[in-house]
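Residue numbers (the numbering used here): 307 to 654. To start, the structure itself, in C-alpha cells.
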C-alpha cells in the first residue's frame, strides 16, 4: 500500500517564487503540485475547484491579499494553509492575523522576498507541508464561541505567575485566552510561542490591541510587572531571575531545546525555581513535547498545569505529552482556560 500523495496548491504573485516552490515540492515522492495561482482571488477559486490537501499562500498579492484569501477559503472550504511571508512589519502583522483566522503555519522567506536563498528553507517548508496535511480542516474554522469573562476575586494576592506555552495553532488559542484575562489579575503572564524573530513582536502588538492587560515582547533585564503579558522574543530563550523580591527577565541565545528557541522548557524551569508552587501553567496546541519537562518541574513544586484539550487544538502534540504523563490538573478547550486561570489565581 502506497502512502497518500499530498496535493499542494501554490498561490504566489511572483513567477520566480512559483517556480522555486514548485521545484522544491515536485522533487518529493509524496507530494504533487495540483495547481498554481497568481493572485489571491485565483487562489480562492482553485482552492474550491481543485480541493488540495495543503495550500502555500503568499502574503502580499494583487486583487486579494493572503489574509483575505485565507478568510474566504476557511469560510467556503477549510484547507490547511501555510503562509509564505517576508520579514517586514506589514507582512508579519498580516501573517499573525492569517494564523488567527485559520492558517495553520507559516514560513519566512530569507534575505528578500524573491531571493534564490528560499531554497535554504526548503526542508523546513516540506516538513511544514507534511505536518499541515495531517491537520483536521474542521479545526481551522473560526468558530464564534461566547467566552465567559471571569470576575476578579478579591482574594488575589501574593507573588504568583501565569506561564503559557504554544506552537502550531497557538496564535488562535492565545487570541481566545489573553483578551479574556481581566485587568486586575495582579500577576505577570509569560508566553512562549514558537515563532521566529520579528513575528513575536507583531503577535504582541496585535494581542495588546484587543486585551485589557498590557501585552509586549519581552526585553532583556526588565522587571516583571503585574497585569502585563510578556511574549518571549523569537530566537531567544526567555529566562527569569530573582533579585530580592523582584523578578527580572533575561534573554538567552544558547542552543535550541526540543529543536526550538524560544523553548517553554527553558522558561518553565527558571520560573519553577523562583515561584515554586505559585505557578499556573497552560500548555496549548503545538507539535512535539516542549513544555512537558517544565510541567513536570512545576508539578514537583506544587504548581498547577492546564492542558488545552484536543477539542480546540489545531495540533494535539504538546498538550497530549503533558496529559499522557499525568501532569495536567485540568484539560480544557481554549475558551475555558482564561476563566480557570483566574479561578486558580483567586484560590477558589
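Ideal placement from N, C-alpha and C gives every residue a C-beta, glycine not left out.
- At a cut-off of 4 residues, the continuous stretches assigned as alpha helix (DSSP H) that sit fully inside the region 320 to 355 are 321 to 332.
- Fewer than three beta-carbon pairs drawn from the region 606 to 620 and the region 496 to 510 are found closer than 8 Å, and the two stretches are therefore not classed as touching.
- Taking all protein chains shown into account, residue 433 has fewer than 16 neighbouring C-beta atoms within 10 Å of its C-beta and is therefore exposed.
- Taken in chain order, the complete beta strand (DSSP E) segments of 3 residues or longer contained in the region 388 to 433 are 411 to 415.
- When the beta-carbon positions are compared, residue 575 and residue 599 come within less than 9 Å of each other.
- Counting along the chain, residue 522 sits inside the beta strand (DSSP E) bounded by residues 520 to 523.
- With distances taken between CA atoms, residue 572 lies nearest to 547 out of 344, 592 and 547.
- The criterion of a C-beta distance shorter than 9 Å is satisfied by residue 362 and residue 390.
- A Cβ-Cβ contact shorter than 9 Å links residue 388 with residue 435.
- At the C-beta level, residue 506 and residue 527 stay beyond 9 Å of one another.
- Under the DSSP assignment, residue 606 falls outside any beta strand (DSSP E), being part of the alpha helix (DSSP H) whose first and last residues are 598 to 606.
- When the beta-carbon positions are compared, residue 569 and residue 587 stay at least 9 Å from each other.
- Under the three-state reduction of DSSP, residue 444 is assigned to helix.
- A straight-line Cα-Cα distance of about 36 Å links residue 549 and residue 630.
- The beta carbon of residue 400 is closer than 7 Å to those of 365, 371, 372 and 373 in its chain, skipping five residues each way along the sequence.
- Only residues of its own chain outside the window of five on either side were considered, and among them 592, 593 and 594 have a CB closer than 6 Å to the CB of residue 623, listed in chain order.
- In the structure shown, residue 531 adopts coil according to DSSP, grouped into three states.
- Here the alpha carbon of residue 438 sits roughly 29 Å from the alpha carbon of residue 535.
- Within the DSSP secondary-structure output, residue 315 pairs in a beta bridge with 341 and 361.
- In this structure residue 604 is in contact with residue 585, their Cβ atoms being roughly 5 Å apart against a cut-off of 8 Å.
- DSSP places residue 484 outside any beta strand (DSSP E), giving it a letter other than H or E.
- Distance between residue 515 and residue 431, taken at the CA atoms: about 31 Å.
- According to the DSSP assignment, residue 559 belongs to no alpha helix (DSSP H), since it is labelled neither H nor E.
- As for any alpha helix (DSSP H) of minimum length 4 sitting wholly inside the region 568 to 640, the runs are 570 to 581, 598 to 606 and 624 to 630, ordered along the chain.
- Secondary-structure assignment with DSSP links residue 499 through a beta bridge to 472.
- A direct Cα-Cα distance of roughly 36 Å separates residue 508 from residue 335.
- In this chain, residue 548 is not harboured by any alpha helix (DSSP H); it is covered by the beta strand (DSSP E) spanning 543 to 549.
- For residue 373, the uninterrupted alpha helix (DSSP H) segment begins and ends at 372 to 382.
- Each of 487, 446, 339 and 319 was checked against the Cα of residue 369, and the nearest Cα belongs to 319.
- Short of 7 Å from the beta carbon of residue 510, and not among the five residues preceding or following it, lie these beta carbons of its own chain, in chain order: 521, 522, 523 and 537.
- Exposure of residue 322 is indicated by the presence of fewer than 16 other C-beta atoms within 10 angstroms of its C-beta.
- Assigned with DSSP and collapsed to three states, residue 467 falls in strand.
- Straight across, the Cα-Cα distance linking residue 544 with residue 327 is about 34 Å.
- Cβ-Cβ distances below 6 Å link residue 578 to 603, 604 and 607 in the same chain, with the five nearest sequence neighbours on each side left out; the list follows chain order.
- Close CB contacts of residue 441 within its chain, under the 7 Å cut and outside five residues either way in sequence, are with 386, 410, 620 and 621 (chain order).
- For residue 412, the closest alpha carbon among the candidates 396, 392 and 425 is that of 392.
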